[in-house]
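Quick notes on the structure that follows.
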Amino acid sequence: MKLRVVYFAWVRERIGLPGEDVETQAPTVAGLVDELAAREPRYAAAFQDMTAVRVAVDQRLTVLDAPLAGVREVAFFPPMTGG
Amino acid sequence: MKLRVVYFAWVRERIGLPGEDVETQAPTVAGLVDELAAREPRYAAAFQDMTAVRVAVDQRLTVLDAPLAGVREVAFFPPMTGG
Amino acid sequence: MFGDNPQAGTFSVRVGPADFDPGREVASLEAKIAGAGALVTFQGIVRGDATLVALEIEHYPAMTDAALSEIAAHAGARWPLAGVRIVHRVGRLGAGDRIMMVATASRHRREAFEAAEFLMDYLKSRAPFWKKEHFADGTARWVEARDEDEAALGRWGADI
Amino acid sequence: MFGDNPQAGTFSVRVGPADFDPGREVASLEAKIAGAGALVTFQGIVRGDATLVALEIEHYPAMTDAALSEIAAHAGARWPLAGVRIVHRVGRLGAGDRIMMVATASRHRREAFEAAEFLMDYLKSRAPFWKKEHFADGTARWVEARDEDEAALGRWGADI
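Residue numbers (the working numbering), protein chains in the order written: chain A, 2 to 84; chain B, 2 to 84; chain C, -12 to 147; chain D, -12 to 147.
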């Protein structure tokens, strides 16, 4: 399936782009992270410590085991610092 | 000694005046209350339940046993309802 | 009972019959609190009620300013505040009218929130204001102090 | 995870680069909250610091409005609020600039204070904003989430 994957803050900076279309068969967000991290060192650097990365699926915060079936957009970013 | 005594809110309304000069030898605020309450029914009505009356001496909140020596102004009023 | 205010910040208190502009109060405080990242305000408004025609606020002029300044100073001794403002109206107000406001500025939000709640809790029960409600049928009634307002002071752990 | 907002009050959320006027926000909310006696605001300001030249705020545009509306609705489900307003800026700000504000209106002060603190606690850790500090020496640093901000959510007893 094809997904839109978007990155924010230092995740975006480490990977070097704000987003991209990704073709994946990964069943969960965690599987997608493994595929991305295996691509190139800049992805590995962004995803090296997943306790420091938050995930949203179709614009809602979720967890790494969230399934990807039917999902259109996955976002990766650091803990939020609004306010 | 001569004191200024002032009244607020329903204490003022029951006594029927905002303040007056009082000549007293009472050693404490409680003694002054007894003297005033003995004057006339309107004073007795204002001071009949002293748990519902607050006291300030020289513009500071205090208690009924506060001494009157050196005091210039005593105020009687209900619990405050600002804000 | 209150300590001196050890802060270099701007503390001010104002009492009078005139309405105030909350935006102007905030802007004036903002201009004086360089370094503070958090600004909290509380504004009290006469609650709308079909039967209420006026809210009359009486105070003890010789005591009011000193009591409010003392409450502000106490907050300043307890939290690192860059600024405190207290504005309180007196006289006859109508439904929807502003009654009063407090504003607190601090480096972090928790301090500014706590200080504003502290100011309100003390102002309700320790500043010499009394409210009287006037109703459409011609009756009037002094607002009674609520037990919960007195109880609210307990959480600050000081007996003042 | 959030309930629908059962209130008839006015709830609004706005995100964008433009500065805002806190006084106008409050006045506009005041005009819509007949019956509410208490109005609390929190305003976040870029802290003055000699070495900071800019604070840059990034967000996730497709998610931000929905996340803020959800937080506001959650507050409305928890407290009887007559109104909630959230305004948050994005882009490049300087020292002393306004970052954001929340306003809550309710019948009683405790509810308005609690709801405003709740909004801030959730907004800090659950709305998709990220801050980057730019310093005079040319370096820049992403602001790190503070453990105490995450811990602050604990007191609301909900796992969202």
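Where a beta carbon is used, it is the ideal one built from N, C-alpha and C, also for glycine.
Item                                                                                                                                                                 : Value
I'd like the list of long-range same chain contacts for proline -7 of chain D, defined as Cβ closer than 8 Å, with 5 residues on each side in sequence excluded.     : The predicted position of proline -7 of chain D is uncertain, since its pLDDT is 40 and thus under 50; a value taken from the coordinates is nonetheless stated next. Gly63, Ala64, listed in sequence order.
In chain D, which residues lie less than 9 Å from threonine 25 of chain A when you measure between Cβ atoms?                                                         : The contacting residues do not exist; threonine 25 of chain A stays about 20 Å from chain D at best.
Just mark aspartate 35 of chain B as buried or exposed, buried being the case when its beta carbon has 16 or more other beta carbons within 10 Å.                    : exposed
Would you say aspartate 52 of chain C reaches chain D, if we count a Cβ-Cβ gap shorter than 8 Å as a contact?                                                        : no
With a cut-off of 8 Å, does the C-beta of leucine 26 of chain C fall near any C-beta of chain D?                                                                     : yes
Does any residue of chain D bring its CB to less than 8 Å from the CB of threonine 82 of chain A?                                                                    : yes
Buried or exposed for glutamate 98 of chain D, please, with buried defined as at least 16 other CB atoms from any protein chain shown within 10 angstroms of its CB. : buried
Where do the N-terminal and C-terminal ends of the alpha helix (DSSP H) with histidine 61 of chain D fall, by residue?                                               : 48 to 65
In chain B, what lies closer than 8 Å to phenylalanine 105 of chain C by C-beta?                                                                                     : Correct list: empty, because the minimum Cβ distance to chain B is about 12 Å.
For glutamate 21 of chain A and alanine 38 of chain A, I'd like the C-alpha separation in whole angstroms.                                                           : 14 Å
Can the beta-carbon of glycine 10 of chain D be found closer than 8 Å to that of aspartate 8 of chain C?                                                             : yes
Taking only three categories from DSSP, how would you classify alanine -5 of chain D?                                                                                : With a pLDDT of only 44 at alanine -5 of chain D, under 50, the local geometry of the prediction cannot be trusted, and no value is derived from it.
DSSP state of methionine 81 of chain A, grouped into three classes?                                                                                                  : coil
Can you tell me whether glycine -10 of chain D is buried or exposed, with buried defined as 16 or more other CB within 10 angstroms of its CB?                       : Low confidence applies here, because glycine -10 of chain D scores a pLDDT of 37, under 50, leaving its location unreliable and the question unanswered by this model.
According to DSSP, is aspartate 35 of chain B helix, strand or coil?                                                                                                 : helix
Measure how close the beta-carbons of glycine 83 of chain C and isoleucine 44 of chain C come, nearest whole angstrom, since I'm counting them as under 8 Å.         : The pair is not a contact, with the Cβ atoms about 15 Å apart (cut-off 8 Å).
State the DSSP-derived secondary structure class of phenylalanine 29 of chain D, mapped to helix, strand or coil.                                                    : strand
Measure the alpha-carbon distance for tryptophan 117 of chain C versus aspartate 124 of chain D and round it to whole angstroms.                                     : 57 Å
For alanine 54 of chain C, which of C:Asp6, C:Met107, C:Asp134, C:Arg133 has the nearest alpha-carbon?                                                               : C:Met107
So, is the C-beta of glycine 70 of chain C closer than 8 Å to a C-beta in chain D?                                                                                   : no
Could you tell me the alpha carbon to alpha carbon distance between glycine 35 of chain C and alanine 25 of chain C, rounded to whole angstroms?                     : 30 Å
Below 8 Å between beta carbons: does that hold for isoleucine 12 of chain D and alanine 90 of chain D?                                                               : Residue identity check: residue 12 of chain D is glutamate in the sequence provided, not isoleucine. For glutamate 12 of chain D and alanine 90 of chain D, yes; Cβs fall inside 8 Å.
Residues of chain C with a CB under 8 Å from the CB of arginine 34 of chain D: which are they?                                                                       : Gly22, Ala23, Gly24, Arg94
Determine the burial state of proline 79 of chain B: buried for a count of at least 16 other Cβ atoms within 10 Å of its Cβ, exposed for fewer.                      : buried
Who are phenylalanine 7 of chain C's beta bridge partners in DSSP?                                                                                                   : Answer is none; phenylalanine 7 of chain C lacks a bridge partner.
From glutamate 74 of chain A to leucine 4 of chain A, what does the alpha carbon distance come to, in whole angstroms?                                               : 6 Å
Here's the rule: buried if 16 or more other CB atoms are within 10 angstroms of the residue's CB, otherwise exposed. What is valine 64 of chain B?                   : exposed
On the DSSP bridge assignment, give the partners of serine 93 of chain D in chain order.                                                                             : D:Ala25, D:Leu68
When you check each C-beta in the region 110 to 134 of chain C against every C-beta of chain B, which residues fall closer than 8 Å?                                 : Leu110, Lys111, Ser112, Arg113, Ala114, Pro115, Phe116, Trp117, Lys118, Lys119, Trp129, Val130, Glu131, Ala132
Let me make sure I understand the geometry here. Which of C:His61, C:Ser15, C:Arg79 has the alpha-carbon closest to that of glycine 144 of chain C?                  : C:His61
Quick one, which residues of the region 53 to 68 of chain D are near chain C if we go by CB-CB under 7 Å, in chain order?                                            : none
Give me the Cα-Cα distance between leucine 39 of chain D and arginine 94 of chain C, rounded to the nearest whole angstrom.                                          : 16 Å
Going straight from the alpha carbon of threonine 82 of chain A to that of arginine 113 of chain D, what length do you get?                                          : 9 Å
Does any C-beta atom of chain C lie closer than 8 Å to the C-beta of alanine 47 of chain B?                                                                          : no
Any beta carbon of chain G sitting closer than 8 Å to that of alanine 138 of chain C?                                                                                : The structure shown has no chain G; the protein chains it does contain are A, B, C and D.
Helix, strand or coil for glycine 141 of chain D? Go by DSSP, reduced to three states.                                                                               : helix
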